[in-house]
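Structure record follows, encoded as structure tokens.
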Amino acid sequence: MPISLNFVTFSNIELLIMRKGVIVIDSQAVPGKWFLGKAPDVRTPSYPPIVFVQGRNSSASSWNEETIYHGLNDMERIACLAGYQSVFVELYDSEGKGSRSQWDNGKLLSTILKEISTYFGQKLNIIAHSKGGIDVQAALIHYDAYPYAGRVLSLSAPHKGSHLADLSYSWYASWLAELLGQKDDGTFSLQTGEMTHFRSLTDQNKNINKNTYFTAAGASRGPAFSSLSLGGAYLSSYGENDGLVNVWSTVLPYGKHLFTDQSLDHDSIRIGSRFFSKAEPFLKSTEPSSILTKGPIPEESLETEANHIIRGGPLPAGQFVKLSFSIEKEAEVTLFTMSADKETKVTLRSPSGTIIPAQQPIALPEKSYFGGAWLHPFELDHAEPGTWELSLQSPKNDAFLFIGNIHLPSPVQIILPALTIMNSKKKLLFRSQSSKKAIYSCQWRMIDRSGTLIHEFTTKAQGAAQHPLPSITKEGTYNITVDIEGTTEQGTPFTRTTVRSIYLTP
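Here the numbering used here is used: the first residue of the sequence shown is 5, the next is one more, and so on.
Structure follows, in structure tokens:
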């Protein structure tokens, strides 16, 4: 039955109801609406209400219903038992029509926060998951909603972007991402280059110190063969991660990092019983906090280890698509392919001629990166050194993305700054480096937001080298894919791919 509340005049307010003992949102997910959770039996008057803001492609129900991999999220119940009034909001992603940028969601959230604060007659605290943390900063800092909030806790928020967003907009992955409907404003905004630009606009803003920010991260990569385990394997080249976001991306230089939990992945970190007890001591007040950051803040290096082999593109119906790549000696690898069609056949041919079919396809959840795709994993006891061949065929028009994660120090590092100032008098330079004896070539492809190829060129090098980029005059985020082919010091051929986004600014 509906929860008893005093009459209110706000048109956007909704209530939560109980179904089979579980608190659920009993309303269509309409952007702009907000919901009151169950009122605690004993509420401490000094405890501020907590507003929960969900992440990319999610709705308010993500705090009350089933998670992707870990069962029911008990957040509303846990907050209620602790004596807090919970409030849930619907942003534009709730419509189910793709994710929106932090600018769109932040503007809407600013009006919602004002209304909620007016209703309670006090400031609010905010807990935000994933991209919700960035939407909150846009609302508070850029749309002047800071008077309505006190403290903000972001859970695994990609404040500096995610390399998985870079991958989604890359030369090889964009075919599959487009087919799956994964290319939208929200995903685009999470590219590392785009988020570096957002940080340059945000972190020096005069409103940055009007609220207190806490951050938290997980460092588990989720269940085996899940979208998180695949994402975690890809992101491992860039450091510790939770299957979707690297730990270094979750921190803020002016924030207070509460914890990095090795047992939590990007899905489980939002479950109330998994994190709330660690955060609750900091949520009892909206007053500015002087708690010091615990431990050093991890940072990303500009020197990107090229520890992937990436290929992808369209699969015309009935046609075979074949491609080759090289694996060096003593390399441990994990190889998998994703396609939009379950019936796509995928096989590998080893250097000695052995044919290895992919295992049974596994469906990836809709609300994950490359959600709706079919995973075709390979089981390899040993990665034979030499040249491998990948073969694909689909009964219908399809697209694919092949990723090989190489668990071996890369022969080549690529240095790509995420934010670069354009200068008509000076060419933009990217750098690569390797041992003096390693010989390699780099094929560079640079695409704009629409996926249009802006520049393509090849460079050859031995050891360290600089690679000049032709002039670009239009400001914005560009995605760069670098295919590396070479020979190690021992004379073994190798293949690598690096993907990175950069923001060019005047």
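For glycine and all other residues, C-beta sits at the position ideal for the given N, C-alpha and C. The model shown is predicted, which means the values in this text are computed figures rather than measured ones.
Under the three-state DSSP convention, the category Lys326 falls into
strand
Which of helix, strand or coil DSSP assigns to Pro389:
coil
Please name the residue, chosen from Gly490, Phe406, Met450, Gly110, that lies closest to Ser439 on a Cα-to-Cα basis.
Gly490
If you draw a straight line from the alpha carbon of Ile360 to that of Ser445, how long is it in whole angstroms?
29 Å
Would the beta-carbon of Leu368 fall within 8 Å of that of Gly357?
no
Would you call the region 113–131 and the region 246–253 touching, i.e. three or more CB-CB distances under 8 Å?
no
If the criterion is Cβ atoms closer than 8 Å, does the pair Ala335 and Leu412 meet it?
yes
In whole angstroms, give me the CA-to-CA distance for Leu112 and Ala143.
8 Å
Could you tell me the distance, in whole angstroms, from the CA atom of Tyr96 to the CA atom of Thr290?
27 Å
Should the region 385–396 be regarded as contacting the region 210–228, the criterion being three or more beta carbon pairs within less than 8 Å?
no
Expected contact under 8 Å - CB spacing of Ser90 and Phe56 to nearest Å
6 Å
From the DSSP secondary-structure annotation, give me the bridge partner or partners of Lys42.
Per DSSP, none; premise fails for Lys42.
Residue burial classification, Asn209 (beta-carbon count within 10 angstroms, cutoff 16)
exposed
Just checking my contact of Ile407 with Ile314 at CB under 8 Å: how many whole Å lie between their CB atoms?
6 Å
Within a Cβ cutoff of 6 Å, which residues of the same chain sit near Leu171, ignoring the five residues on either side of it in sequence?
Ala177, Val503
Just verifying my parser: in three-state terms, what is the DSSP assignment at Ile313?
strand
C-alpha gap between Leu76 and Phe229, whole angstroms
21 Å
Taking the alpha-carbon positions, what's the Glu493 to Pro415 distance?
9 Å
Start and end residues, beta strand (DSSP E) containing Asn176
The sequence given here has Tyr at residue 176, not Asn. Counting along the chain, Tyr176 falls outside any beta strand (DSSP E), and DSSP gives it neither H nor E.
Could you give the DSSP three-state label for Met342: helix, strand or coil?
strand
Are the beta-carbon atoms of Gly102 and Asp188 separated by less than 8 Å?
yes
Got a sec, what are the start and stop residues for the alpha helix (DSSP H) Ala403 sits in?
Segment 402–411 is the beta strand (DSSP E) holding Ala403; no alpha helix (DSSP H) there.
Would you call the CB atoms of Ser395 and Arg353 closer than 8 Å?
yes
With 16 other CB atoms within 10 Å as the buried threshold, where does Val140 fall?
buried
Between which residues of its own chain and Ser277 is the CB-CB distance below 7 Å, once the five residues before and five after are set aside?
Asp78, Ile82
Pull up the DSSP beta-bridge partners for Val337, would you.
Ile410
Got a sec? Which residues, its chain only, sit under 6 Å from Asp265 by beta carbon, not counting five neighbours each side?
Gly222
Using alpha carbons as the reference points, say which of Lys288, Glu182, Ser63, Thr206 lies closest to Ser50.
Lys288
CB of Lys333 within 8 Å of CB of Thr496, strictly
yes
Quick one: give me the first and last residue of the beta strand (DSSP E) that Asp487 is part of.
480–491
With distances taken between CB atoms, is the gap from Met342 to Leu239 smaller than 8 Å?
no
Along the alpha helix (DSSP H) that carries Tyr238, what are the first and last residues, could you check?
231–239
For Lys371, count neighbouring Cβ atoms within 10 angstroms of its own Cβ and tell me buried if that reaches 16, exposed if not.
buried
Which two residues bound the contiguous beta strand (DSSP E) that contains Gln466?
457–466
Suppose the cutoff is 6 Å on Cβ atoms and the five residues either side in sequence are ignored; what does the same chain contact list for Thr297 look like?
A caution first: Thr297 carries a pLDDT of 49, below 50, which makes its placement in the model too unreliable to give a value.
Alpha carbon of Gly137 to alpha carbon of Asn409, nearest angstrom:
29 Å
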